[in-house]
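Number of protein chains: 2
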Amino acid sequence: MSVEFSHSQALRLLHDVSLAQVREGGVDLSNRQLAILLTIYMDLPPHTVRGLAAKLNVTKPVITRALDAMGEMDLVARRRDPADRRNVIVQRTVQGALYLEKLGDLVIANARTLQA
Amino acid sequence: MSVEFSHSQALRLLHDVSLAQVREGGVDLSNRQLAILLTIYMDLPPHTVRGLAAKLNVTKPVITRALDAMGEMDLVARRRDPADRRNVIVQRTVQGALYLEKLGDLVIANARTLQA
DNA sequence: GCGGATCAATACGGCTCCGTAACGGTTTTG
DNA sequence: CAAAACCGTTACGGAGCCGTATTGATCCGC
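Spelled out as structure tokens, the structure:
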């Protein structure tokens, strides 16, 4: 089932969500970091640095640094691939799942208040 | 008319939109900048630096710097208030309206593809 | 008018992220 | 096995944004 809404509803939703994020002032991820985090949690594993870099069309150091930052916040975890020890497998964490759950709730709550 | 969707739909929408923004690699605004831009275009004018700072719960220099950056991209314009020359009135631009129109289209297009 | 209040902008030091390039560790190839 | 390929990380210089404090301009109360 697809979701339909108007142009102004779409912008209003973005506005309300980003405003809530800014006003809250808690965890504040860049657009790139959020894209990486959501990819890790919504696309099928396994996720490697190289794979994420290709999927997001950015360089590998960008992924490494984003994982450093989000790992510091316990939003993701890293682990060497035992099968090929050159690879790093990026894994989800309880903290990360919790963060995205709240983010999803925020979107839903704001979507519900949209006027046509 | 409100818009209802599921938790995973909400996150999928965020994922697709942020991914498109990152992959595209064009104009990339911080969360704060986007919140400011959307406020300028969706809330009733007039918009002052102080007013925006209060609405977003950030300090005034944050607004000034964001307006500097977005003004450089022609997404917003500044003008002294003739009635009280201490104030600066923030105005919309054609370029800014165009950017938000594309952004809204991106959200709508992605929302349409959501699966239940 | 003059002093204080109010507005936006700027100065400053610090932090984060960027892109390119180089690096060690691991695996594959010939 | 040695050489080449591959993977993730780190080094480096540069750019952008942060918060606090200050400045310069303008308005208001007495």
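Sequence lines, in order, name chains A and B. The numbers in the first sequence follow the working numbering, run straight up by one, and end at 116. The numbers in the second sequence follow the working numbering, run straight up by one, and end at 1116. Note that the Cβ used here is the ideal one computed from N, Cα and C, for glycine as well.
- Under the Cβ criterion of 7 Å, valine 90/A is not counted among the residues facing chain B.
- For alanine 1077/B, the enclosing beta strand (DSSP E) has its first and last residue at 1076-1080.
- Under a criterion of Cβ atoms nearer than 8 Å, the residues of chain B adjacent to threonine 39/A are, in order, His1015 and Leu1019.
- Between alanine 1077/B and threonine 1093/B, the C-beta gap is smaller than 7 Å, which places the two residues in contact.
- About 12 Å separates the beta carbon of alanine 54/A from that of valine 1022/B, a gap too long to meet the 8 Å contact definition.
- Within the region 60-114 of chain A, the complete beta strand (DSSP E) segments of 3 residues or longer fall at 76-80 and 88-92, listed in chain order.
- According to DSSP, residue pairing for histidine 1047/B in a beta bridge involves Val1090/B.
- Taking threonine 1113/B as reference, the option from Glu1004/B, Val1003/B, Leu1013/B and Leu1098/B with the minimal CA-CA separation is Leu1013/B.
- Closer than 7 Å to the CB of isoleucine 108/A there is at least one CB belonging to chain B.
- Residue-level contact check: methionine 73/A does not touch chain B, since none of the beta carbons of chain B fall below 7 Å from its beta carbon.
- The contact set of aspartate 1028/B on chain A, defined by CB atoms closer than 7 Å, consists of Asn31 in chain order.
- Residue-level contact check: glycine 1051/B does not touch chain A, since none of the beta carbons of chain A fall below 7 Å from its beta carbon.
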